[in-house]
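Quick note on the working numbering: the sequence shown kicks off at 23 and runs consecutively.
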Amino acid sequence: MNKLSMMQTKLLRITFSYVLTFLFSIGLVSIVGCSSDDSSWRPIIDEPSGDDDDDDNGELNFTYNPQSSLKDLAAYPVGMIVSAAKLSSSSDENESFKSILTDDYNSITAENDMKMANMFTAADTYDWSDGDEIVAYAKENNMRVHGHALLWHQSIPGWLNNFDGSDEEFETLIENYIKEAVSHFAQETFEDGTPVVASWDVVNEAFDGAQMRNSLFFQRMGEDYVAKCFQWAREVDSDVKLFYNDYNIAGEGTKRNSVINMVNNFASEGIPIDGVGLQMHVNHDWPTTNEINQAITAIANTGLLVHLSELDVKVNFNDDLEELTLERAQEQEKRYQEVAEAYANVPEEQQFGITIWGMRDRDSWLYEGGLEWPLLYNNNFEYKVAHRGFAEGLE
Ligand code: XIL
23 MNKLSMMQTK
33 LLRITFSYVL
43 TFLFSIGLVS
53 IVGCSSDDSS
63 WRPIIDEPSG
73 DDDDDDNGEL
83 NFTYNPQSSL
93 KDLAAYPVGM
103 IVSAAKLSSS
113 SDENESFKSI
123 LTDDYNSITA
133 ENDMKMANMF
143 TAADTYDWSD
153 GDEIVAYAKE
163 NNMRVHGHAL
173 LWHQSIPGWL
183 NNFDGSDEEF
193 ETLIENYIKE
203 AVSHFAQETF
213 EDGTPVVASW
223 DVVNEAFDGA
233 QMRNSLFFQR
243 MGEDYVAKCF
253 QWAREVDSDV
263 KLFYNDYNIA
273 GEGTKRNSVI
283 NMVNNFASEG
293 IPIDGVGLQM
303 HVNHDWPTTN
313 EINQAITAIA
323 NTGLLVHLSE
333 LDVKVNFNDD
343 LEELTLERAQ
353 EQEKRYQEVA
363 EAYANVPEEQ
373 QFGITIWGMR
383 DRDSWLYEGG
393 LEWPLLYNNN
403 FEYKVAHRGF
413 AEGLE
């Protein structure tokens with residue numbers, strides 16, 4: 023954008039903000055759930071102060087003050103990703119992170135610490151230390167841990183990638199890894215005996231479109247490797263919930279059908295599986311609301327648990343924004359609400375929960391140096407209107 027059009031946009035935005043503030047003040051516009059005597063609510067448009075002329079680097083604060091925490095609103099667990107490093111740090115930033123974490127969430131997933139590349143350090147050698155820290159934190163704070171992910175083609179340790187033993191030896195390494203990891207993390211329980219690690223993504227992203235992905239696991243162990251992994255996990259733990267997890271289950275109908283066929287075949291062949299994780303890395307305008315509803319219903323129709331396991335909402339997929347606009351922030355708000363509402367149609371006993379893939383926009387794996395705003399909190403840990411949309415969807 024040139025300077026003139028930037029100024030015009032800015033002027034328009036400020037005018038729009040004044041008009042809305044005026045409408046708020048005379049009561050023509052109200053926020054759902056906002057009572058006029060509740061001073062914790064403020065208008066949704068919160069321009070940064072002392073910054074009238076300059077470019078604001080995408081830091082517009084379309085924020086609001088929530089009335090209840092997400093976990094109190096939802097009938098099922100609400101999850102956030104964590105790392106051992108963040109949980110053990112007491113920097114101001116990480117203290118803010120933990121304060122929101124314990125307020126809003128009751129389930130955690132390790133963003134990377136419990137993946138194979140981090141835990142499977144050499145043949146028959148494992149490092150559970152980061153996972154153990156996460157589990158200890160969860161136990162202390164009464165949160166469930168969802169284990170992510172035993173097998174993922176993007177998290178294979180270098181030594182295993184280069185392993186030059188036979189296919190049989192490779193398979194034994196994987197079998198031992200799965201059994202050791204699942205048994206290890208089954209040990210920690212809450213006082214009532216419930217395991218802290220409630221579940222595992224046993225295999226992540228085995229499909230590439232509608233076909234099985236030609237991963238190292240597929241090449242070395244054959245096309246029934248997914249089934250084998252679920253069986254090994256179940257052999258050592260009869261309770262832990264076993265999930266198959268993948269992306270674009272909502273956006274790609276043919277991929278969705280392949281996943282559904284696989285889990286239905288598991289059921290008819292007696293292969294143990296408890297649930298399906300739909301990652302839900304979606305955009306503000308993709309997939310359509312209908313597709314999201316259809317996909318969640320189709321997965322629920324398998325009868326298995328349904329986890330929306332990695333929810334985030336890209337608003338700048340087409341790179342048409344240089345900063346987050348009010349309009350796009352509100353489209354994102356709507357999208358978060360739609361996803362939560364679609365999930366409400368899953369029968370209660372199949373609702374495993376919804377996990378959000380990151381806290382502040384800048385923490386997101388999609389951050390792109392500041393040109394993407396996919397999450398529920400801005401870079402100052404303030405609640406974006408996306409959070410309000412999600413909260414409304416949960417109610
Ligand atoms: C991502 C993490 O967020 C990044 O920090 C890491 O560099 C790569 O993995 N699907 C998954 C997640 O199943 O494990 C991925 O997480 C995001 C895509």
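Even glycine gets a Cβ: it sits at the ideal position worked out from N, Cα and C.
Quick check on the burial criterion: 16 or more other C-beta atoms within 10 angstroms. Buried or exposed for residue 112?
The residue labelled residue 112 in the question sits at position 90 within the sequence shown. With fewer than 16 other Cβ atoms within 10 Å, it is exposed.
Expressed to the nearest angstrom, what Euclidean distance is found between the alpha-carbon atoms of residue 222 and residue 102?
For the purposes of this step, residue 222 is taken as residue 200 along the sequence shown, with counting starting at 1. For the purposes of this step, residue 102 is taken as residue 80 along the sequence shown, with counting starting at 1. The straight-line gap from Cα to Cα measures roughly 15 Å.
Which stretch, first to last residue, makes up the alpha helix (DSSP H) that contains residue 306?
Here residue 306 refers to the residue found at position 284 of the sequence shown. For residue 306, no alpha helix (DSSP H) segment is defined, and its DSSP state is neither H nor E.
Run the CB neighbour count on residue 114, radius 10 Å, all protein chains shown included, and call it buried at 16 or more, exposed below.
Translated into positions along the sequence shown, residue 114 becomes position 92. The Cβ neighbour count for residue 114, taken over all protein chains shown within 10 Å, is under 16; the residue is labelled exposed.
Alpha-carbon to alpha-carbon, residue 188 and residue 300
Translated into positions along the sequence shown, residue 300 becomes position 278. Translated into positions along the sequence shown, residue 188 becomes position 166. Near 34 Å, if we compare the C-alpha coordinates of residue 188 and residue 300.
In the structure shown, what three-state DSSP assignment does residue 216 receive?
To locate residue 216, count along the sequence shown from 1; it is residue 194. In this structure, DSSP gives residue 216 a state outside helix and strand, which the three-state scheme calls coil.
Residue 49 to residue 85 span [Cα, whole Å]
Residue 49 sits at position 27 when you count from the first residue of the sequence shown. Residue 85 sits at position 63 when you count from the first residue of the sequence shown. Here residue 49 scores only 34 on pLDDT, less than 50, and its place in the model should not be relied on; the value that follows carries that caveat. Going from the Cα of residue 49 to the Cα of residue 85 covers about 19 Å.
Can you tell me whether residue 120 is helix, strand or coil according to DSSP?
Stepping through the sequence shown from its first residue, residue 120 is reached at position 98. Residue 120: helix per DSSP, three-state reduction.
Starting from the C-beta of residue 198, find all residues in its chain whose C-beta is less than 8 Å away, skip the five residues before and the five after it, and write them out in chain order.
Translated into the one-based positions of the sequence shown, residue 198 becomes position 176. Beyond the five residues adjoining it in sequence on each side, residue 198 comes within less than 8 Å, by CB distance, of 146 in the same chain, given in chain order.
I want to check one thing, is the minimum distance from the CB of residue 222 to the heavy atoms of the ligand XIL below 7 Å?
Working through the sequence shown from its first residue, we reach residue 222 at position 200. No, since every heavy atom of the ligand XIL falls outside the 7 Å radius drawn around the Cβ of residue 222.
Measure the Cβ-Cβ separation of residue 166 and residue 220 and say whether it is below 8 Å.
Locating residue 166 in the sequence shown gives position 144, counting from the first residue. Locating residue 220 in the sequence shown gives position 198, counting from the first residue. Yes.
Apart from the five residues just before and just after residue 226, which ones in its own chain have a Cβ nearer than 6 Å to its Cβ?
Numbered from 1 along the sequence shown, position 204 holds the residue referred to as residue 226. The residues are 171, 174, 267.
Pick helix, strand or coil for residue 168, following the three-state DSSP scheme.
The count along the sequence shown starts at 1 and reaches residue 168 at position 146. Of the three classes helix, strand and coil, the one that applies to residue 168 here is strand, per DSSP.
Counting only runs of 3+ residues fully inside the stretch 183-265, write out the beta strand (DSSP E) ranges in chain order.
Restricting attention to beta strand (DSSP E) runs no shorter than 3 residues, the stretch 183-265 encloses them at 219-226, ordered along the chain.
Given this structure, state the Cα-to-Cα distance separating residue 160 from residue 104, to the nearest angstrom.
Locating residue 160 in the sequence shown gives position 138, where the first residue counts as 1. Locating residue 104 in the sequence shown gives position 82, where the first residue counts as 1. Cα to Cα, the separation comes out at about 10 Å.
Compare the C-alpha of residue 263 against each of 325, 296, 87 and name the closest.
Residue numbering aside, residue 263 sits at position 241 when the sequence shown is read from its first letter. The residue with the shortest Cα to Cα distance from residue 263 is 296.
Coil, strand or helix - residue 376 by DSSP
As a working mapping, residue 376 is identified with position 354 in the sequence shown. Secondary structure at residue 376: strand, using DSSP grouped into helix, strand and coil.
Consult DSSP for residue 174 and reduce its assignment to one of helix, strand or coil.
Position 152 of the sequence shown holds residue 174. In this structure, residue 174 counts as strand in the three-state DSSP scheme.
Let me know the secondary structure DSSP gives residue 55 once reduced to three states.
Here the question's residue 55 lines up with position 33 in the sequence shown. The pLDDT assigned to residue 55 is 29, lower than 50, so where the model puts this residue is not dependable; a value taken from the coordinates is nonetheless given after this. The answer is coil: DSSP assigns residue 55 none of H, G, I, E or B.
Delimiting residues of the alpha helix (DSSP H) encompassing residue 343:
Position 321 of the sequence shown, counted from the start, is the residue given in the question as residue 343. The continuous stretches of alpha helix (DSSP H) do not include residue 343, and DSSP gives it neither H nor E.
If you follow the alpha helix (DSSP H) that residue 160 is part of, which residue opens it and which one closes it?
For the purposes of this step, residue 160 is identified with residue 138 of the sequence shown, where counting begins at 1. Per DSSP, residue 160 belongs to the alpha helix (DSSP H) from 151-162.
Between the alpha carbons of residue 307 and residue 192, how many angstroms are there, rounded?
For this step, residue 307 is matched to residue 285 along the sequence shown. For this step, residue 192 is matched to residue 170 along the sequence shown. For residue 307 and residue 192, the distance between alpha carbons rounds to 43 Å.
Verify the contact flag: residue 269, CB atom, against every heavy atom of the ligand XIL, threshold strictly below 7 Å.
Taking the sequence shown and counting its residues from 1, one reaches residue 269 at position 247. Correct: residue 269 has its Cβ closer than 7 Å to the ligand XIL.
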